[in-house]
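Enquirer: Numbering (my numbering), first residue to last: 1 to 407.
Below is a structure I'd like to ask you about.
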Ligand SMILES: Cc1cc2nc3c(=O)[nH]c(=O)nc-3n(C[C@H](O)[C@H](O)[C@H](O)COP(=O)(O)OP(=O)(O)OC[C@H]3O[C@@H](n4cnc5c(N)ncnc54)[C@H](O)[C@@H]3O)c2cc1C
């Protein structure tokens, strides 16, 4: 990039160096495309973030393909078993209604990795693949017949065949393209933090469905766990502001006694929770990926995994078009991406929302019916195996990078 009057060029300009933007940049650069990545906050080390993410097997394969997995694996905990309970806060004993076991040692249910580690590994992978990073935002853009021209907040311009919006839920590019969103805010907020257990967690992830919302303990190395804790918004604000000793006691009450006493082991963060989907994932010479296209409740830890599925699908349609020597920003390329991802996304968002609403019904009859259904489901190994394949991101039309194949 320079400001000397000559416009810089790239094959693809990606706005947003979050997880989705970095992964797409690394995948495309490794496939031989010239990629520029613009984000006012594009720096290493990764920002402080107390979250940890559950990476399902499909995402792990994508991260392997872009060269980020070896670093992530060194700081990730494999999940050997997932247990689900439907409990009241007052119940110390939480019968496991549903469980999922990893089929073998090679493919755990998921890996839990700290957010800064994933971001730093992706940043290094993108840099190693030759991605140009630009510490600026896209201020405006214009799509013409054969290119898109973007004006950046540092005063420079860049022309590319395709522009990608990966700037998260508030995506300015989505707004500039006049793409509407649908969805709603839940009357819930998510608190995230880390804790340490008294007893070994042995790679067990736990999801308790409690009165206030789902409460997940995701195992981390060092006998720690990442807490993803949803509560009604006003209660979440009250709990979040508690002094350490009371906050720990509230956490202990929700964690139950499965792994003994807990100790606080990290900072806290809180975010409002919402469901949002863009009316279109593409516009002329523009594609949206990750939270710019869809936001889901963290109930099943699928938000980032859905974003990685966008990355794998978009990288594949772009690489296929480039291999044929075609224009990678043409409508038929973008339509292929949109029809691939939008239906799959709607199915996942619908399933997560129904699951949440089902568990927020707290009357005794609702609980009896729900628990009987879960117990019956738990005894159907064939159906459970199908659900696990789907949650692993390995069902339906799986993109090549998620099948462990080259682009
Ligand atoms: C409490 C909570 C827990 C969660 N837990 C999980 C989980 O366990 N598993 C899971 O899969 N998902 C989880 N999620 C969802 C996950 O956080 C998101 O899906 C994920 O962060 C989306 O990644 P992204 O790259 O699309 O966007 P982001 O991570 O939001 O990144 C956006 C990037 O764009 C940049 N940017 C912003 N504005 C501009 C601009 N104008 N120009 C250029 N760049 C810009 C930002 O600096 C940032 O780098 C959770 C979410 C919440 C709220």
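Just so you know, even glycine gets a beta-carbon here, dropped at the ideal spot from N, CA and C.
Since this is a predicted model, take the numbers as computed values, not measurements.
(1) By the DSSP assignment, the beta strand (DSSP E) with residue 276 in it spans what residues?
(2) State buried or exposed for residue 193, treating a residue as buried only when at least 16 other CB atoms are found within 10 Å of its CB.
(3) Work out the CA separation of residue 12 and residue 315 for me, nearest whole Å.
(4) Measuring CB to CB, does residue 62 end up less than 8 Å from residue 348?
(5) Can you tell me the Cα-Cα spacing of residue 210 and residue 84, whole angstroms?
(6) If we count the other Cβ atoms within 10 Å of its Cβ and call it buried at 16 or more, is residue 184 buried or exposed?
(7) Can you tell me whether residue 111 is buried or exposed? The criterion is at least 16 other CB atoms within 10 Å of its CB, across all chains shown.
(8) Using a Cβ-Cβ distance under 8 Å, would residue 269 count as near chain D?
(9) For the alpha helix (DSSP H) that residue 157 lies in, which residues bound it at each end?
(10) Considering only residues of the same chain and omitting the five flanking positions on each side of residue 2, which have a CB-CB separation below 8 Å?
(11) In whole angstroms, what separates the C-alpha of residue 24 from that of residue 94?
(12) Would residue 38 and residue 15 qualify as a contact pair, given that the criterion is a beta-carbon distance under 8 Å?
(13) Would you say the segment 120-131 touches the segment 63-79, given that touching needs at least three Cβ pairs under 8 Å?
(14) Any idea if residue 305 is buried or exposed, counting beta-carbon neighbours within 10 angstroms, 16 or more meaning buried?
(15) Name the residue from 335, 99, 40 whose alpha carbon lies nearest to the alpha carbon of residue 207.
(16) If you reduce the DSSP assignment to three classes, tell me which class residue 59 lands in.
(17) With a threshold of 16 other CB atoms inside 10 Å of the CB of residue 44, please say whether the residue is buried or exposed.
(18) Can you tell me which of the three DSSP states residue 339 falls into?
(19) To the nearest angstrom, how far is the alpha carbon of residue 220 from that of residue 203?
(20) Determine the extent of the beta strand (DSSP E) in which residue 206 is found, giving its start and end residues.
(21) Taking DSSP as the reference, what is the three-state secondary structure of residue 85?
(22) For a test of the three-state rule: what should DSSP assign to residue 308, helix, strand or coil?
(23) Could you compute how far the alpha carbon of residue 260 sits from the alpha carbon of residue 59?
(24) If you draw a straight line from the C-alpha of residue 278 to the C-alpha of residue 236, how long is it?
(25) Output yes or no for whether 8 Å exceeds the beta carbon distance between residue 52 and residue 113.
Expert: In brief:
(1) In the chain shown, residue 276 corresponds to position 276, counting from 1. Taken as a continuous stretch (DSSP letters only), the beta strand (DSSP E) holding residue 276 covers 269-278.
(2) Translated into positions along the chain shown, residue 193 becomes position 193. Its Cβ being crowded by 16 or more others within 10 Å, residue 193 is buried.
(3) Your numbering for residue 315 matches position 315 in the chain shown. Your numbering for residue 12 matches position 12 in the chain shown. The straight-line gap from Cα to Cα measures roughly 11 Å.
(4) Numbered from 1 along the chain shown, position 62 holds the residue referred to as residue 62. Numbered from 1 along the chain shown, position 348 holds the residue referred to as residue 348. At a Cβ-Cβ threshold of 8 Å, residue 62 and residue 348 do not count as neighbours.
(5) Walking along the chain shown from the start, residue 210 turns up at place 210. Walking along the chain shown from the start, residue 84 turns up at place 84. Residue 210 and residue 84 have their C-alpha atoms spaced approximately 11 Å apart.
(6) Numbered from its first residue, the chain shown carries residue 184 at position 184. Exposed: under 16 other Cβ atoms inside 10 Å.
(7) Translated into the one-based positions of the chain shown, residue 111 becomes position 111. Answer is buried; the Cβ neighbour count reaches 16.
(8) Judged by its chain identifiers, the structure shown contains no chain D, having just a single protein chain.
(9) As a position in the chain shown, residue 157 is number 157, starting the count at 1. Going by DSSP, residue 157 is part of no alpha helix (DSSP H) but of the beta strand (DSSP E) stretching over 157-165.
(10) Working through the chain shown from its first residue, we reach residue 2 at position 2. Any answer about residue 2 is weak, because its pLDDT of 42 lies below 50 and its placement is not dependable; what the coordinates show is given next. Once the five neighbours on either side are set aside, the close Cβ partners of residue 2 are 8, 156.
(11) Counting from one through the chain shown, the residue named residue 24 turns up at place 24. Counting from one through the chain shown, the residue named residue 94 turns up at place 94. Taking the straight line from one Cα to the other gives about 41 Å.
(12) For the purposes of this step, residue 38 is identified with residue 38 of the chain shown, where counting begins at 1. For the purposes of this step, residue 15 is identified with residue 15 of the chain shown, where counting begins at 1. Residue 15 is positioned such that its CB atom lies closer than 8 Å to that of residue 38.
(13) Counting Cβ pairs under 8 Å, three or more are found: they touch.
(14) Residue mapping note: residue 305 aligns to position 305 of the chain shown, counting from 1. By the 16-neighbour rule on beta-carbons within 10 angstroms, residue 305 is buried.
(15) Taking the first residue of the chain shown as position 1, residue 207 is located at position 207. For the residues 335, 99, 40, the minimum Cα distance to residue 207 belongs to 99.
(16) In the chain shown, the residue the question calls residue 59 occupies position 59. Residue 59 falls in the helix class under three-state DSSP.
(17) On the chain shown, residue 44 is found 44 positions in, with the first residue counted as 1. Around the beta-carbon of residue 44, fewer than 16 other beta-carbon atoms lie within 10 Å, marking it exposed.
(18) Taking the chain shown and counting its residues from 1, one reaches residue 339 at position 339. It is helical.
(19) Position 220 of the chain shown, counted from the first residue, corresponds to residue 220. Position 203 of the chain shown, counted from the first residue, corresponds to residue 203. Between residue 220 and residue 203, the alpha-carbon positions lie close to 8 Å from each other.
(20) Here residue 206 corresponds to residue number 206 of the chain shown, with the count starting at 1. Taken as a continuous stretch (DSSP letters only), the beta strand (DSSP E) holding residue 206 covers 204-210.
(21) Sequence index remark: in the chain shown, residue 85 carries index 85 (1-based). DSSP, read as helix, strand or coil, puts residue 85 in strand.
(22) Counted from its first residue, the chain shown places residue 308 at position 308. In the structure shown, residue 308 sits in a helix (DSSP, three-state: H, G or I).
(23) The sequence position of residue 260 within the chain shown is 260, counting from 1. The sequence position of residue 59 within the chain shown is 59, counting from 1. About 32 Å.
(24) Numbered from its first residue, the chain shown carries residue 278 at position 278. Numbered from its first residue, the chain shown carries residue 236 at position 236. Those two C-alpha atoms are separated by around 28 Å.
(25) Within the chain shown, the letter at position 52 stands for residue 52. Within the chain shown, the letter at position 113 stands for residue 113. Their beta carbons are under 8 Å apart, which means residue 52 touches residue 113 by this criterion.
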